[in-house]
Amino acid sequence: MSSQIINVLKKKVAKKTWDNWFSTFELKSVEDDRVVFSVANLFIKDWLQTKYGGVINRSIHEATGKELPFEIVFKDGELSKEETAVHQQAGSLLKRKPLMISNLNPEYTFENFVVGEENRALYEVARDVARNPGKYNPFFVYGGVGLGKTHLLQAIAQETMTNFPDKKVLYITSEQFMNDMIQSIKENNIQKFRDHYRKRSDVLLIDDIQFLIGKKGVQTEFFHSFNELHDAGKQLIICSDRNPEELDNFHSRLISRFQMGMLMTIQQPEAETRFHIAKKLAQRESVSLPDDVAMILASNIDGNLRRLRGAIIKLIVHSSVYNARIDISLASRILQSFASSPGIPSSQKPIDQIYDAIERIMKISREDIKGNSRNKEIVLARQLVMYILKQHFGKQVVEIARETGKQHPTVIHSIKKIDKSVMMGKGSTKILYDDLIGLLSSRSAAV
Ligand code: ADP
Ligand code: MG
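Start counting the sequence shown at 0; every next residue gets the next number (numbering that gives the first Met the number 0).
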């Protein structure tokens, strides 16, 4: 019966999808409480979990008659000869996708990046960078919050990996760069850190460089990495929320390095582009947004696209919770609630921001979260607080335990639990999480 799962699944997805993504996907075991699959590529593992979680769940249900959660594990080791042959025959993407632990969002692709006239030139150069690494070096993109910088950077990273499977592509935020550096100093191993960035990357993408403002030591380290990579003809791609000249107190030599390559701004999308972006954002959640609804959203929410995304997620949540059609009247109501919600001040402590967001979206008070109730919703809210502190605000487990007054193991358990639901795209928790993140991310533009 269990082998049926794969057959059922295969029938549910298009052949091309199967060949591209499922060619190393195998059933490993069916246990009492879960189904385990294996896959030979970490990038694909993430992709399957986010994009095909729903259809995998349905197939398990259909084949076993049970609603078992699933897990995808990484199949260690090389492919066998036969497997390799099969993949070559199938022209599978697996051959072309490098093996990597990806911190990239599989949705942030060029395909999902809607191009209006205002950003056409930027888009063309970005594609060119992915085709000809080293041609525009560095490539520096700057612009306001929520205009698509991270999306574009990750699209370049993913496309470069597809075009050049042998190149080592490294995408990080400048905050991660700093944390790695501090960690290596603590461990007395700065050389390893330097090798990692300077010797083991062919293409280095650094997001949100403005984070290094005021951090001279890290800037110096970055300057040296930059030079070494640049001298070796390696591609550097950097983004920032402001023009290099406006990076206050940055080493001037670093600023002039940024200016010597291709410098481009990312523009606010016009209403027409926002209309297409709205449709695309909904499509990413497997929802088709009627034109009139996309229009009303696009004409009422400008600037920060995270706000547009937040509104769309809210629309989808409402329509599924209340079983309502996604139409103009629902959209207008969502827009009203958006207009009257001033956003969450980012000056608050992260945990207070999360309490606020949960209060608004789940209607659960912080007193309830801090209390001892075992009510299902409240327990979920409590776990979400811990998870968001970790995922969104990058807090360590120790800090989370201290701030929430919970025991270590409880924190770890909660984080794991939510992570599983979110990674598997499990309906309501995933949508709730996206909704909360949408609200938390929109805070800075919503003054
Ligand atoms: P930034 O890094 O500039 O703050 P992000 O890259 O995080 O912005 O973009 C915010 C959201 O808007 C993301 O969900 C992203 O996918 C979406 N987005 C931004 N620009 C576009 C675009 N041109 N087409 C489609 N989606 C976009
Ligand atoms: Mg960003």
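Every residue gets a Cβ at the ideal spot worked out from N, C-alpha and C, and that includes glycine.
Margin query: According to DSSP, simplified to helix, strand and coil, what is LYS456?
Written below: Residue 456 lies beyond the range of the chain shown here (0 to 446); nothing can be said about it.
Next item on the list: Can you tell me which of the three DSSP states MET261 falls into?
Entry: Three-state result, MET261: strand.
Margin query: Tell me whether the region 112-121 and the region 136-152 touch, counting them as touching only if at least three CB pairs, one residue from each stretch, are closer than 8 Å.
Written below: Because the criterion of three Cβ pairs below 8 Å is met, the region 112-121 and the region 136-152 touch.
Check: Would the C-beta of ASN162 count as close to the ligand ADP, meaning under 7 Å from any of its heavy atoms?
Finding: Every heavy atom of the ligand ADP is 7 Å or more from the Cβ of ASN162, so no.
Checklist line | CA nearest to the CA of ALA120, picked from ASP230, ASP240, THR264 and VAL34 | finding: For the residues ASP230, ASP240, THR264 and VAL34, the minimum Cα distance to ALA120 belongs to THR264.
Item checked: ASN226 versus ASN242: straight-line alpha-carbon distance, rounded -> Cα-Cα distance, rounded: 20 Å.
Check: If you draw a straight line from the C-alpha of PRO349 to the C-alpha of GLN406, how long is it?
Finding: It is roughly 19 Å from the alpha-carbon of PRO349 to the alpha-carbon of GLN406.
Note to self: Rounded to whole angstroms, what is the Cα-Cα separation between VAL12 and ARG305?
What the structure shows: Rounded to the nearest whole angstrom, the C-alpha separation of VAL12 and ARG305 is 30 Å.
Check: Where does ASP291 sit, in a helix, a strand or coil, going by DSSP?
Finding: When DSSP states are grouped into helix, strand and coil, ASP291 belongs to the helix group.
Checklist line | Pairwise C-alpha distance: THR159 and HIS250 | finding: Straight-line spacing of the CA atoms in HIS250 and THR159 works out to 30 Å.
Next item on the list: Within its chain, find whatever has a CB closer than 8 Å to the CB of SER79; leave out the 5 residues flanking it on each side and keep chain order.
Entry: The predicted model places SER79 with a pLDDT of 44, which falls under 50 and marks its position as unreliable, so this point remains unresolved.
Notebook entry, point to check: Using the rule of at least 16 other Cβ atoms within 10 Å of the residue's Cβ for burial, across every protein chain shown, is LEU8 buried or exposed?
Noted result: Buried, because 16 or more other Cβ atoms sit within 10 Å of the Cβ of LEU8.
Margin query: Short of 8 Å in beta carbon distance, which residues of its chain neighbour ASP476, apart from the five on each side in sequence? Order them along the chain.
Written below: Because the chain in this structure spans residues 0 to 446, residue 476 falls outside the shown range and cannot be described.
Item checked: Backbone CA spacing between SER287 and VAL38 [nearest angstrom] -> Going by C-alpha positions, SER287 is about 30 Å away from VAL38.
Next item on the list: Could you say which of LYS191, HIS195 and ALA62 lies nearest to VAL168 if we only look at CA atoms?
Entry: If we check each option's Cα against that of VAL168, HIS195 comes out closest.
Next item on the list: Determine the direct distance from the alpha carbon of ILE171 to that of THR219, and round the result to whole angstroms.
Entry: THR219 and ILE171: Cα-Cα distance of roughly 17 Å.
Next item on the list: Could you tell me which of HIS275, ARG308, ARG324 and PHE210 sits nearest to LEU439, measuring between CA atoms?
Entry: LEU439 has its Cα closest to that of ARG308, out of HIS275, ARG308, ARG324 and PHE210.
Note to self: Strictly by DSSP, which residues pair up with TYR354?
What the structure shows: BP columns for TYR354 are empty, so no partner.
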